[in-house]
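Undergrad:
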Amino acid sequence: MNPPSGADTLTEVDGRTALTMARTFPHPPQAVWRALTEPAELSQWFPFRVDLDPRPGGALTFGAPAGDVPPPTGTVTALEAPRRFAFDWGADHLAWTVAPDGDGAELTLVHTFDDRAGAPGFAAGWDLCLASLRALLDGGPVERRRDGGALHDAYLRHFGLDRGTATTAGGTRTVRFERQLAAAADRVWEVLAAGIDPVPGLPVPAGFTDGDVPAGHAREVRPPHMLSYEWADGGTVTWELREGTGHGARLVLTQTGPKTFDTDRALAAWHTRIEDLAARLHTP
């Protein structure tokens, strides 16, 4: 696995998240443009099979390779041969730019979307797709790789999305982490609970604590999606496993406390705990 490129960045544009990725290819711009806009070639490296009406306002239809999900649709928003191709993909927007680069070409993608916490998954997916595009342009077999777990976590750290946030409102301080995981909610719950069924009013399993938190009794339990419990000074810890991008659950972890709550210590402790959880989920 290659590390994320310095050309892979995450910014905010008009309140939305914009992922920018750029790759160079030792092939002429015309070849890259053809692979980008000809449905037969695009379908070989894009996440889905593509049917395309190549004109501004034209429709795009995407079909899963195995046909196991309803295909989304899109609309061409820009088509300026042989330089720029942009289209909507559901609620997202993809803008591709091809530019000469010496004897080759540079392809730049700007993917705009709302789910900032999903950015590492998008980046890992596009990284694999662009590697498939390289194989197509090189004339070799195109392999649709799906082993993006380690790549996802590399992008997570590259974008700084592994770190939580700390906020204060009134007399309450809150630490919050949101992270896309590589396993479904029932598998995550199994790892956290370690064979112990959490019960309201009883101590919570150790997997839901960080070692620094003097955990109290469970307040609310909705397996495999939510558990909350009290800790010292009247604060609470809540684990939520929501629907996420890809095939894994989205973890949202919050800890609240009074003004004396040491959020720096909590951020460090939960970061370590979540990294350990993610590593365990990657282990067969």
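In UniProt numbering, the protein residues as written are 1 to 284.
Just so you know, even glycine gets a beta-carbon here, dropped at the ideal spot from N, CA and C.
1) Output the boundary residues of the alpha helix (DSSP H) element that contains Gly-160.
2) Am I right that Phe-87 and Gly-74 are in contact with their C-beta atoms under 8 Å? What's the rounded C-beta distance?
3) If we count Cβ pairs, one from each stretch, closer than 8 Å, do we get three or more for the region 212–220 versus the region 241–253?
4) Can you check DSSP and say which residues form a bridge with Val-237?
5) If you measure between the beta carbons of Trp-33 and Ala-81, is that distance less than 8 Å?
6) Counting along the chain, where does the beta strand (DSSP E) carrying Asp-92 start and finish?
7) What's the C-alpha gap between Gly-257 and Arg-280?
8) Check Gly-201 in the structure and name its three-state DSSP category.
9) Name the one or two DSSP bridge partners that Leu-19 has.
10) If you draw a straight line from the C-alpha of Val-204 to the C-alpha of Glu-178, how long is it?
11) Could you check how far apart the C-beta atoms of Ala-105 and Phe-25 are, in whole angstroms? I think they sit under 8 Å.
12) How many angstroms separate the CA atom of Tyr-155 from the CA atom of Pro-141?
13) So what does DSSP say about residue 288, is it helix, strand or coil?
14) Report the three-state DSSP secondary structure of Thr-37 (helix, strand or coil).
15) What first and last residue would you give for the alpha helix (DSSP H) that runs through Phe-261?
16) State the DSSP-derived secondary structure class of Thr-283, mapped to helix, strand or coil.
17) Starting from the C-beta of Trp-270, find all residues in its chain whose C-beta is less than 8 Å away, skip the five residues before and the five after it, and write them out in chain order.
18) Go ahead and pull the three-state DSSP assignment for Thr-243.
19) Just to confirm the assignment: which complete beta strand (DSSP E) runs, minimum length 3, are found wholly within the region 134–193?
20) Looking only at C-alpha atoms, which of Gly-170, Ala-40, Asp-197 and Ala-35 sits nearest to residue 314?
21) May I ask you to list the residues that DSSP assigns as paired with His-217?
TA: The structure says:
1) Taking the first residue of the sequence shown as 1, we reach residue 160 at position 160. Where Gly-160 is concerned, there is no enclosing alpha helix (DSSP H), given that its DSSP letter is neither H nor E.
2) Position 87 of the sequence shown, counted from the start, is the residue given in the question as residue 87. Position 74 of the sequence shown, counted from the start, is the residue given in the question as residue 74. Rounded, the Cβ-Cβ distance is 5 Å, consistent with contact.
3) no
4) Numbered from its first residue, the sequence shown carries residue 237 at position 237. DSSP lists Tyr-229 and Gln-255 as partners of Val-237.
5) As a first step, residue 33 must be located in the sequence shown, where it is residue number 33. As a first step, residue 81 must be located in the sequence shown, where it is residue number 81. Their beta carbons are under 8 Å apart, which means Trp-33 touches Ala-81 by this criterion.
6) One-based indexing of the sequence shown puts residue 92 at position 92. Unbroken beta strand (DSSP E) run through Asp-92: 92–101.
7) Sequence index remark: in the sequence shown, residue 257 carries index 257 (1-based). Sequence index remark: in the sequence shown, residue 280 carries index 280 (1-based). Taking the straight line joining both Cα atoms gives about 29 Å.
8) The residue given as residue 201 occupies position 201 in the sequence shown. Coil.
9) For this step, residue 19 is matched to residue 19 along the sequence shown. Answer by DSSP bridge pairing, in chain order: Leu-10 and His-111.
10) Residue 204 sits at position 204 when you count from the first residue of the sequence shown. Residue 178 sits at position 178 when you count from the first residue of the sequence shown. So the alpha carbons of these two residues sit roughly 21 Å apart.
11) Walking along the sequence shown from the start, residue 105 turns up at place 105. Walking along the sequence shown from the start, residue 25 turns up at place 25. With a Cβ gap of about 5 Å, Ala-105 and Phe-25 count as contacting.
12) Indexing the sequence shown from 1 puts residue 155 at position 155. Indexing the sequence shown from 1 puts residue 141 at position 141. Computed Cα separation, rounded: 26 Å.
13) With the chain covering 1 to 284 only, the question about residue 288 has no answer from this structure.
14) In the sequence shown, counting from the first residue as 1, residue 37 sits at position 37. Thr-37: helix per DSSP, three-state reduction.
15) Stepping through the sequence shown from its first residue, residue 261 is reached at position 261. Neither: Phe-261 is in no alpha helix (DSSP H) and is coded neither H nor E.
16) On the sequence shown, residue 283 is found 283 positions in, with the first residue counted as 1. Three-state DSSP puts Thr-283 in coil, outside helix and strand.
17) As a first step, residue 270 is located in the sequence shown; it is residue number 270 there, counting from the start. Counting only Cβ-Cβ distances below 8 Å, and skipping sequence neighbours, we find Gly-164, Val-175, Phe-177, Asp-210, Leu-253 and Gln-255.
18) In the sequence shown, residue 243 corresponds to position 243, counting from 1. What sits at residue 243 in the sequence shown is Glu, not Thr. Three-state DSSP puts Glu-243 in a strand.
19) 165–169 and 172–180
20) Given a span of 1 to 284 for the chain in the structure shown, any question on residue 314 remains unanswerable.
21) For this step, residue 217 is matched to residue 217 along the sequence shown. Paired residues: Pro-203.
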